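With our numbering, the residue at position 164 of the sequence shown is 169, and numbering never jumps. We put the beta carbon where it would ideally sit given N, CA and C, even for glycine. Please read all numbers here as calculations on a predicted model, not as lab measurements. What follows is a single structure, written as structure tokens, with notes after it.
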Amino acid sequence: RLIAEKRSTFSPEVYLANENSPRMITGSNYHAYIKIAEGCNQQCSFCAIPSFKGKLHSRSLESIAKEVGRLADRGFYDFSFISQDSSSYGRDMGLDDGLIDLIQTVEKIDGVKSARILYLYPSTTTFDLIDRIAESEIFQTYYDMPIQHIDDAILKTMRRGFGEAKTIELLEHMKSKADAFIRTSVIAGHPGETEESFSKLCDFMEDFGFDRFNTFHYSNEETTAAYTMEQIPQEIIDERAAILGEIAERSTMASLQKMIGKTIPLVIDGESDEHEYLLSARPPQWAVEIDGEILINDTNDLSIEYGKIYEAKITELAGEKLLATLISEQ
Numbered sequence: 006r007l008i009a010e011k012r013s014t015f016s017p018e019v020y021l022a023n024e025n026s027p028r029m030i031t032g033s034n035y036h037a038y039i040k041i042a043e044g045c046n047q048q049c050s051f052c053a054i055p056s057f058k059g060k061l062h063s064r065s066l067e068s069i070a071k072e073v074g075r076l077a078d079r080g081f082y083d084f085s086f087i088s089q090d091s092s093s094y095g096r097d098m099g100l101d102d103g104l105i106d107l108i109q110t111v112e113k114i115d116g117v118k119s120a121r122i123l124y125l126y127p128s129t130t131t132f133d134l135i136d137r138i139a140e141s142e143i144f145q146t147y148y149d150m151p152i153q154h155i156d157d158a159i160l161k162t163m164r165r166g167f168g169e170a171k172t173i174e175l176l177e178h179m180k181s182k183a184d185a186f187i188r189t190s191v192i193a194g195h196p197g198e199t200e201e202s203f204s205k206l207c208d209f210m211e212d213f214g215f216d217r218f219n220t221f222h223y224s225n226e227e228t229t230a231a232y233t234m235e236q237i238p239q240e241i242i243d244e245r246a247a248i249l250g251e252i253a254e255r256s257t258m259a260s261l262q263k264m265i266g267k268t269i270p271l272v273i274d275g276e277s278d279e280h281e282y283l284l285s286a287r288p289p290q291w292a293v294e295i296d297g298e299i300l301i302n303d304t305n306d307l308s309i310e311y312g313k314i315y316e317a318k319i320t321e322l323a324g325e326k327l328l329a330t331l332i333s334e335q
């Protein structure tokens with residue numbers, strides 16, 4: 006009967022963890038994800054999240070600060086703040102630019118050395134927020150903003166609430182910041198995507214110089230607005246996604262090439278899966294797990310402690326991985 010009536014068995018109540026929710030963090034002794042909100046007020050044509058997550062429901066700044074503070078007391082010093090639409094954080098609580106308030110709050114917490122915000126939404130990301138992130142001594146100059154497409158007609162069909170010109174203006178402002186790292190995602194094969202609009206997307210992704218971007222195959226979800234639109238054949242979606250995937254690889258390699266010869270901080274995560282004699286590390290700026298690793302092949306006989314930050318020199322690009330030599334403890 007439920008299937009016949011197409012009714013959800015999900016509870017209409019929004020569950021959002023708070024500072025009192027029990028947490029067991031595995032895989033890291035220094036990094037933790039912090040959920041700042043649940044749900045989304047956007048109406049993207051391809052996304053089913055609002056149908057089962059509901060409207061935006063933000064955690065209070067006090068709740069977030071207490072959780073971060075307690076984790077910092079346990080030795081965690083690096084935090085990734087996440088939600089389905091992070092740049093709308095606090096709007097349901099009457100905050101105009103809640104992430105700026107969040108940044109100011111987190112900067113005051115003892116023990117926090119590094120942080121980043123994931124999943125910004127173009128139409129709710131402000132220039133003031135971009136500036137504030139760049140000014141922070143705690144938050145990394147890291148901008149993760151899924152654009153999904155760049156062609157005006159497709160963005161309108163997607164119900165993104167933002168066109169090409171405004172999207173590019175935001176991205177260029179991010180790019181103007183010193184040492185900015187920009188990540189995004191795009192969708193291949195959304196209904197209405199023509200050869201011309203796809204070519205325009207490819208040209209933009211090739212030329213802009215994203216540090217990382219992911220490509221998603223359009224998936225027709227029954228509860229979305231795009232479900233009843235005329236669909237693009239799956240083989241064409243797959244072909245387009247493969248082309249964008251190749252562009253993403255070139256974009257990542259160009260970003261990595263720029264790092265050769267630089268001396269930067271690296272945090273050591275452990276032994277690399279590549280080889281038992283190599284250590285896996287990442288710059289604190291990079292997001293955990295999704296932005297890749299840098300391989301340390303020379304420790305200079307320094308005492309190694311996982312989760313600790315070291316100064317290191319990037320020596321070369323071996324295949325798709327950067328190699329580094331440790332210089333000193335930070």
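Asked: Closest residue to residue 225 among 213, 211, 242 and 216 (Cα-Cα distance); Found: 242
Asked: Contact test: residue 125 Cβ vs the ligand HEM heavy atom, cutoff 7 Å; Found: This structure does not include the ligand HEM; it has no bound ligands of any sort.
Asked: Presumed contact (8 Å Cβ cut-off) between residue 130 and residue 150, rounded CB distance; Found: 6 Å
Asked: Straight-line gap, residue 220 to residue 235 (C-alpha atoms, nearest Å); Found: 21 Å
Asked: Element boundaries [alpha helix (DSSP H), containing residue 76]; Found: 66-78
Asked: For residue 245, the first and last residue of its enclosing alpha helix (DSSP H); Found: 239-262
Asked: DSSP three-state assignment for residue 99, whether helix, strand or coil; Found: coil
Asked: Where residue 17 falls, given that 16 or more other Cβ within 10 Å makes a residue buried; Found: Only weak support is given to the placement of residue 17: the predicted model assigns it a pLDDT of 46, under 50, and the question is left unresolved by the model.
Asked: For residue 83, the residue or residues it bridges with in DSSP; Found: 36 and 119
Asked: Beta-carbon contacts of residue 179 that lie in its chain and below 8 Å, excluding the five residues immediately before and after; Found: 135, 148, 150, 185 and 187
Asked: Beta-carbon gap between residue 92 and residue 125 smaller than 8 Å; Found: yes
Asked: Closest Cα partner of residue 318 within the set 304, 308, 96 and 324; Found: 304
Asked: C-alpha distance - residue 119 paired with residue 297, whole-angstrom precision; Found: 18 Å
Asked: Local Cβ density within 10 Å of residue 31, reported as buried at 16 or more and exposed below that; Found: exposed
Asked: CB-CB length for residue 309 against residue 283, believed under 8 Å; Found: Going by Cβ atoms, the distance from residue 309 to residue 283 rounds to 12 Å, so no, they are not a contact pair.
Asked: Selected residue, minimal CA-CA separation from residue 54, among 40, 82, 88 and 77; Found: 88
Asked: Beta-carbon proximity list for residue 218, same chain, < 7 Å, skipping 5 on both sides; Found: 188, 189, 190, 191, 210, 253 and 256
Asked: Inter-residue CB distance, residue 175 and residue 238 (contact presumed, cutoff 8 Å); Found: 33 Å between Cβ atoms; not a contact.
Asked: Reference residue 294, options 37, 24, 43 and 25, closest by Cα; Found: 37
Asked: Nearest-angstrom Cα separation, counted from residue 272 out to residue 333; Found: 12 Å
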